[in-house]
């Protein structure tokens, strides 16, 4: 009796294990099938990894499929893909993943006709653009095109433009190299994060800003390396809630707010934080620049710069309200941009020039409430640097020794 019962019990256990394993396997297959049905590889739509065949249609077709789904994904596998241009338009029906593992290379033509960008994401919400892939702007032929030519109409395009978007993540291993103009342009968007990216172009390549932001709110750029021939990060008009943290900048022109005042109706810039950044061999460190001949009367306020390391920047801290590249401004003009409420704390290192702080503000709209705490900026052979201030209310904290310690005339 006991032996028969044990045999039946053993058979029941075996049957239960078999049924459980069978069901689990079927569920796994279904899950994998469902997951793979949401993934759209560009090679399934005709993309060829030979670096020559134009894969634009394949990229856009994969995007259109992914965009129709909730949690759709575009996959760019390893290999080199030539892309003449691409438009990834939303809105999509849910979150969208764009996973880039290869190299995407642009044409070597200096312009793309009337297009202002090579790759454009427009009206997207909840986009994640990540991977260890490279966007190669192939920009060498563009850098002399239109540079310094007033009125030139055919402007080289940006590598990546994100516009009218929200809740976007760019990064986690992506590389951007040799853009024709800005590498990443964030325009009229909200809650865009750029993190763990590497952006590079030769130090003499013009207008190759790493990340440019305009008319956008709540933008974060973190833990990235940016080496270009222009600003590592540039913050244009109409921006608020910008946070730049942990960026290594150099070569390049540093991190800039501006230029502002070139066009009528420009918006204010407010609540900008720059923290834990390093400037290595840059032309500037942190710069606020406004046109001397301003066509707008916007305000820059609520700027905090803290815990910055400077390694040989020519102008570690500079406010320039007489910005006029090409010297095309009429003499006697004063900037109408108001700069106020700017704090520099813990900026340390070596300046390549004696004047580590330069505040050259407008006579008609002097800078207000510019505060300095814990500066330690030396010059050649460890000599103390100086601060040059004009039309600026520069306040140096006297509770702790800092270099420079006051404004010089």
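Residue numbers (mature numbering (1 follows the signal peptide of the UniProt record, and there is no 0)): -24 to -1, 1 to 385.
Positions of the beta carbon are idealized from the N, C-alpha and C atoms, including for glycine.
Residue i lies in the alpha helix (DSSP H); which residues open and close that run?
i          : result
residue 39 : 32 to 43
When you compare each of the options to residue i by their alpha carbons, which one comes out closest?
i           : options            : result
residue 365 : 382, 121, 349, 356 : 382
residue 296 : 280, 278, 261      : 261
residue 342 : 254, 368, 25       : 368
residue 212 : 339, 246, 180, 33  : 246
residue 330 : 293, 83, 96        : 293
residue 144 : 45, 101, 334, 177  : 101
residue 244 : 152, 324, 279, 108 : 279
residue 221 : 252, 208, 288      : 252
residue 249 : 64, 223, 241, 335  : 223
residue 192 : 201, 140, 234      : 140
residue 153 : 169, 120, 201      : 201
residue 206 : 85, 217, 333, 259  : 259
residue 236 : 219, 87, 214       : 214
residue 149 : 169, 357, 336, 109 : 109
residue 85  : 337, 93, 41, 117   : 117
residue 336 : 174, 281, 265      : 265
residue 311 : 339, 121, 333, 168 : 339
residue 290 : 325, 305, 282, 298 : 325
residue 98  : 380, 379, 40       : 40
Am I right that residue i and residue j are in contact with their C-beta atoms under 8 Å? What's the rounded C-beta distance?
i           : j           : result
residue 43  : residue 66  : 7 Å
residue 112 : residue 80  : 7 Å
residue 19  : residue 48  : Actually they do not touch by this definition, with Cβ atoms about 17 Å apart.
residue 133 : residue 91  : 6 Å
residue 234 : residue 284 : Actually they do not touch by this definition, with Cβ atoms about 18 Å apart.
residue 179 : residue 209 : Not confirmed; about 16 Å, so no contact.
residue 162 : residue 135 : Contact doesn't hold; Cβ gap of about 12 Å is too wide.
residue 142 : residue 165 : 6 Å
residue 281 : residue 320 : 5 Å
residue 218 : residue 195 : 5 Å
What residue does the beta strand (DSSP E) around residue i start on, and which one ends it?
i           : result
residue 353 : 352 to 354
residue 144 : 142 to 147
residue 245 : 245 to 251
residue 386 : What the structure shows of the chain is the stretch from -24 to 385, and residue 386 is not part of that stretch, so it cannot be assessed.
residue 94  : 93 to 98
residue 264 : 260 to 267
residue 151 : 151 to 153
residue 15  : 15 to 17
residue 163 : 160 to 163
residue 288 : 275 to 289
residue 370 : 368 to 372
residue 112 : 110 to 112
residue 139 : 134 to 139
residue 103 : 101 to 106
Spatial neighbours of residue i within its chain, please: CB distance less than 6 Å, with the 5 preceding and 5 following residues excluded, ordered by chain position.
i           : result
residue 300 : 268
residue 171 : 147, 198, 199
residue 314 : 275, 341
residue 54  : 77, 78
residue 70  : 46, 47
residue 327 : 292, 353, 355, 361
residue -13 : Caution is warranted here: a pLDDT of 44 is assigned to residue -13, below 50, making its placement in the model unreliable, and the coordinate value is therefore given only provisionally. Counting only Cβ-Cβ distances below 6 Å, and skipping sequence neighbours, we find nothing.
residue 184 : 155, 177, 204, 205, 206
residue 263 : 230, 232, 294
residue 115 : 154, 155, 156
residue 68  : 43
residue 15  : 49, 51
residue 256 : 226, 287
residue 63  : 96
residue 160 : 136, 187
Please return the same chain residues whose Cβ sits closer than 7 Å to the Cβ of residue i, not counting the five positions on each side in sequence.
i           : result
residue 37  : 21
residue -4  : Summary for residue -4: the model assigns pLDDT 40, below 50, so the residue's position carries little reliability; its value from the coordinates is reported in the next sentence. Nothing meets the Cβ criterion.
residue 239 : 271, 272
residue 58  : 27, 28, 29, 30, 31, 81
residue 11  : Residue confidence for residue 11 is low, a pLDDT of 46 falling below 50, so the modelled location carries little weight; the figure read from the coordinates is stated next. Hits under 7 Å: none found.
residue 3   : The predicted model places residue 3 with a pLDDT of 34, which falls under 50 and marks its position as unreliable; any figure quoted below should be read in that light. Cβ within range, chain order: n/a, list empty.
residue 309 : 268, 269
Which residues in the same chain as residue i place their Cβ atom closer than 8 Å to its Cβ, once the five residues preceding and following it in sequence are excluded?
i           : result
residue 384 : 362, 363, 364, 365
residue 376 : 349, 350
residue 371 : 345, 346, 347, 348
residue 75  : 49, 50, 51, 52, 106, 107
residue 317 : 277, 278, 279, 344, 345
residue 131 : 87, 92, 122, 157
residue 373 : 347, 348, 349, 350
Spell out whether any CB of chain B is found under 8 Å from the CB atom of residue i.
i           : result
residue 100 : Checking the listed chains, one finds no chain B in this structure; it contains a single protein chain.
**Request:** Scan the region 175 to 254 and note each continuous beta strand (DSSP E) run of 3 residues or more that stays entirely inside, going in chain order.
**Result:** Here the runs fully enclosed are 187 to 190, 193 to 203, 209 to 211, 216 to 225, 231 to 236, 245 to 251.
**Request:** Jot down the residue ranges of each uninterrupted beta strand (DSSP E) in the region 292 to 343, minimum 3 residues, whole runs only, in chain order.
**Result:** 314 to 327, 331 to 336
**Request:** With a floor of 3 residues, list each beta strand (DSSP E) that falls wholly inside the region 52 to 92, ordered by position along the chain.
**Result:** Scanning the region 52 to 92 for uninterrupted beta strand (DSSP E) segments of 3 residues or longer gives 56 to 58, 62 to 65, 72 to 76, 79 to 81, listed from N- to C-terminal end.
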